[in-house]
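Okay, structure first, notes after.
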Amino acid sequence: MTSAPTPVRTLVVGEALVDAVTTADGGTAEHVGGSPANVAFGLAALDHPVDLATWIATDERGARIEAVCRQRGVHLTPGSQGAPFTSVAHATLDDTGAATYVFDLEWQVAPVPDLTAYGHVHTGSIAAVLEPGGSQVRGILATARAHGATVSYDPNARPSLMGRPAQARALIESSIRLTDVVKLSDEDVEWLCPGESLDDVLRAWGELGPAVVVVTRGGEGAVVRVTRTGEQVALPAPVVDVVDTVGAGDSFMAGLVSGLLDAGLLGGPEARERLRGADLADVRPAVERALATGALTVRRAGAHAPVRADLA
């Protein structure tokens, strides 16, 4: 009898913060969030072992984040609680449930003691751009990759924090060069690459290094491109009643990474080789899982993380 394979441990690197949400009718509420933290919660909900390298304080909001991590089975790496204060994202929802953000934050990340413990590393959003943490994150990605870990990245652009598009694009592309899978939104493309077609961006960013590039398009679904074969397809999103879009892209990212981990296309050097040799039929089920997890999230208030039973 052969034993079951050891689950791949994933390291998520990036901001955990509190979303202070104001709804269209003027109501307010606070939720634990942050794009990378939401991805970590999403992966844990889908039964993947996850550690989170972040930057929070030991204040009341930081204690709330720590409690949610513990509740959801996400382990904080040493040094993650060294911040002078816990960051806040002030989100305002319009009548459609779409969110706009104003941030009160600083970002850096402590060294991760043993990167050889991880088969996959994910980062994204503010963490890979805002200094001094951005340089630290890119160093972690490079070291983890050198040890054989696969890497995923979601630029999740925040114009109010990332400066001019050209400057942000240069930093984002430096991270893309270290990755195997990139997911971005059509809004990211419009801001970072004004005047360029979606097809041209998918092709160009694939040529930087990732084997798979995915662009989400809200309720219209997603476009996925496989770099090696040049195959590209638009996949529809499930039709659902939207409560709000907070965390939808992060839930999509968690579903995508989960599907690729389950398929053996992420999670170490052998998985990287399989991904490099994959075609669209190999990666499509993971994108479909991502569309499902994203759709389940927008049906609930806040960054709801679906579990495997939900996908059934």
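First residue of the sequence shown: 1473, per my numbering; consecutive thereafter. For each residue, glycine too, the CB sits at the ideal point set by N, CA and C.
Query, Result
"Close-in-space but distant-in-sequence residues of the same chain around residue 1648 (CB under 7 Å, 5 per side omitted)", "1625, 1654, 1677, 1680, 1681 and 1682"
"contact_flag[the stretch 1516-1528, the stretch 1548-1561] where n(CB pairs < 8 Å) is 3 or more", "yes"
"Every unbroken alpha helix (DSSP H) inside the stretch 1596-1663 [4 residues or more]", "1605-1618, 1631-1634 and 1637-1648"
"Residues that DSSP places opposite residue 1502 in a beta bridge", "1492"
"Cβ contact check for the stretch 1563-1578 and the stretch 1530-1545: 3 or more pairs under 8 Å", "no"
"For residue 1731 and residue 1757, the rounded distance between their alpha carbons", "7 Å"
"Outcome for residue 1632 when other beta-carbon atoms lying within 10 angstroms are tallied against a minimum of 16", "exposed"
"For residue 1756, the first and last residue of its enclosing alpha helix (DSSP H)", "1752-1770"
"Among 1517, 1499, 1516 and 1491, nearest to residue 1505 - alpha-carbon criterion", "1491"
"Pair within 8 Å by beta-carbon distance, residue 1629 and residue 1664", "yes"
"For residue 1590: DSSP bridge partner residues", "None; residue 1590 has no bridge partner."
"Straight-line Cα distance separating residue 1500 from residue 1579", "25 Å"
"As assigned by DSSP and simplified to three states, the class of residue 1576", "strand"
"Residues near residue 1651 by beta carbon distance below 7 Å, same chain, minus five either side", "1623, 1624, 1625, 1681 and 1682"
"Collapsed DSSP secondary structure at residue 1782 in the structure displayed", "helix"
"Own chain, CB closer than 6 Å to residue 1495, minus 5 neighbours either side, in chain order", "1565"
"Three-state class that DSSP yields for residue 1543 in the structure shown", "helix"
"Spatial distance of residue 1770 from residue 1688 (CA atoms)", "14 Å"
"Test item: CB-CB of residue 1707 and residue 1714 under 8 Å", "no"
"Where residue 1686 sits in the DSSP three-state scheme", "strand"
"Residue of 1784, 1782 and 1777 minimising C-alpha distance to residue 1544", "1777"
"Per-residue burial, residue 1699 [other beta carbons within 10 Å of its own, 16 or more giving buried]", "buried"
"Residue 1780 versus residue 1489 - alpha carbon distance", "25 Å"
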